[in-house]
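Novice:
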Ligand code: MTE
């Protein structure tokens with residue numbers, strides 16, 4: 096079996112942050128456990144399953160419920176008692192009929208014209224609360240372990256805010272385009288919405304995703320290791336169209352500055368090549384206007400590039416002939432290299448993948464068949480292949496890719512696995528259309544050291560113990 100790196104590597108401060116993060120995750124998972132499992136019934140079968148309610152699952156009862164992927168299965172077994180007393184976020188709590196064919200259902204359009212989700216579906220974003228964060232500057236993570244297909248529901252899209260979420264009236268919002276342009280302009284939202292639009296599906300990943308894992312295993316579940324990742328359809332006007340409309344200086348204009356209208360005034364430089372390639376000034380996500388937390392009414396979409404450049408609440412674009420060197424790109428979002436130098440403007444999110452189920456904190460019920468599934472992505476184009484290992488990287492098998500496989504977009508993969516009840520280490524390794532192969536963590540550390548935060552695209556390892564408990568390890 097491969098070497099497993101346990102704890103060690105981080106300095107005291109980072110250890111303290113990590114410990115606080117893990118503790119916070121335990122607290123939130125415990126709260127979720129109470130919500131979901133029907134606290135009044137200690138024997139509720141919904142407490143077992145492939146998706147346990149705590150990260151330290153009990154291993155007592157096995158094989159009761161095969162791959163119970165949602166609370167739906169639990170509800171089927173315990174119709175009334177399993178109902179949570181408070182509705183999960185986004186749901187309305189209703190009585191469950193003993194036989195729904197014998198009672199009238201909920202009247203049509205009682206939801207007021209905007210839908211809700213089932214009260215039995217409980218996954219949610221988790222806010223990270225470590226000493227480095229504040230209520231206004233923090234992030235939430237997408238529950239990738241519960242993900243289906245390639246699209247992230249808007250209500251589960253991860254968030255990263257540096258100054259809270261501004262409430263912006265679209266009737267008063269404006270976008271200024273200036274700098275090295277012939278015709279500086281101020282666009283109202285009405286002006287913006289008149290441009291011809293495009294709709295494209297892309298992933299967005301924060302550069303800090305998986306950032307806690309540089310030195311050693313830090314957090315237990317995929318929601319925390321990889322949850323600053325989402326994938327949506329974005330609709331808006333190509334940035335190239337706006338720059339053309341303002342007559343940008345094609346000879347000398349080399350960079351574009353984007354600025355947000357929030358308290359942090361997030362400002363980032365993107366190259367003119369990227370701006371003219373596939374960047375979008377977007378107003379819609381997943382078929383509806385952007386949500387406030389994702390930049391309503393306007394955000395920049397820069398496919399393949401780290402999330403920080405996707406400036407939300409976009410209010411200003413400036414064309415220049417050199418990088419703008421703002422605070423958000425000189426001090427923050429830079430890579431600390433082993434020699435102590437900071438590497439700037441490493442924006443592309445390189446090819447990466449992760450198995451989302453089974454993954455850390457889950458529990459295999461019994462030996463036998465499992466559909467092992469996960470997501471892969473590349474900031475440089477399409478995913479070409481995903482290989483999966485069940486023995487810590489000694490042997491690899493090629494996974495099935497679900498269609499569509501799109502450029503700079505999440506691609507779901509699946510592979511059959513028969514668990515023999517023994518220990519196993521599960522890994523996925525993605526290869527993109529440029530031929531780039533996702534590296535092992537020790538290969539990445541050899542070049543980048545252990546003190547970085549950003550751009551950790553290493554192969555993730557999940558250990559399956561003979562008890563069926565799945566945990567986060569580093570194997571290479
Ligand atoms: N834009 C503004 N104006 N303010 C911000 O705090 N955060 C950035 C980026 N754009 C941010 C912003 C970061 S670091 C990331 S990862 C993405 O937004 C997150 O986008 P999301 O919240 O829609 O997931």
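Numbering (the working numbering), first residue to last: 96 to 571. Yeah, the Cβ is synthetic: ideal placement off N, Cα and C, and Gly gets one too. Note that this is a predicted model, so its numbers are computed, not measured.
1) At a cut of 8 Å, does the segment 496-515 reach the segment 263-273 through at least three beta carbon pairs?
2) Quick check on DSSP: helix, strand or coil for residue 559?
3) Find the nearest neighbour of residue 450 within the set 460, 523 and 560, judged by alpha-carbon distance.
4) What's the gap between the Cα of residue 439 and the Cα of residue 538?
5) Output needed for residue 380: all residues of its chain with C-beta closer than 8 Å, excluding positions within five of it in sequence on either side, in chain order.
6) List in chain order: all unbroken beta strand (DSSP E) runs of 3+ residues lying wholly within the segment 449-478.
7) I'd like to check one pair, residue 321 with residue 445: are the Cβ atoms closer than 8 Å?
8) For residue 413, verify whether its CB is less than 7 Å away from any heavy atom of the ligand MTE.
9) How is the beta strand (DSSP E) around residue 412 delimited, first residue to last?
10) On the CB-based measure, 16 or more other CB atoms within 10 Å of its CB, does residue 571 come out buried or exposed?
11) To the nearest whole angstrom, what separates the beta carbons of residue 236 and residue 212, a pair I think is in contact under 8 Å?
12) To which residues of the same chain is residue 414 closer than 6 Å at the C-beta, ignoring the five residues directly before and after it?
13) Is residue 526 closer than 8 Å to residue 495 when the C-beta atoms are compared?
14) Could you tell me the alpha carbon to alpha carbon distance between residue 346 and residue 416, rounded to whole angstroms?
15) To the nearest angstrom, how far is the alpha carbon of residue 361 from that of residue 255?
16) Scan the segment 475-553 and note each continuous beta strand (DSSP E) run of 3 residues or more that stays entirely inside, going in chain order.
17) By Cβ distance below 7 Å, which residues in the same chain neighbour residue 198 in space, the five residues on each side in sequence not counted?
18) Between which residues of its own chain and residue 374 is the CB-CB distance below 6 Å, once the five residues before and five after are set aside?
Specialist: Straight from the coordinates:
1) no
2) strand
3) Nearest neighbour of residue 450 by Cα position, chosen from 460, 523 and 560, turns out to be 523.
4) 21 Å
5) Within the same chain, residue 380 has close Cβ partners 249, 252, 327, 328, 329, 330, 386 and 389.
6) Those beta strand (DSSP E) runs which fall completely within the segment 449-478 and span 3+ residues are 463-472.
7) no
8) no
9) 409-415
10) buried
11) Actually they do not touch by this definition, with Cβ atoms about 18 Å apart.
12) 274, 275, 276, 343, 348 and 351
13) no
14) 10 Å
15) 11 Å
16) 478-484, 506-514 and 519-527
17) 192
18) 334 and 397
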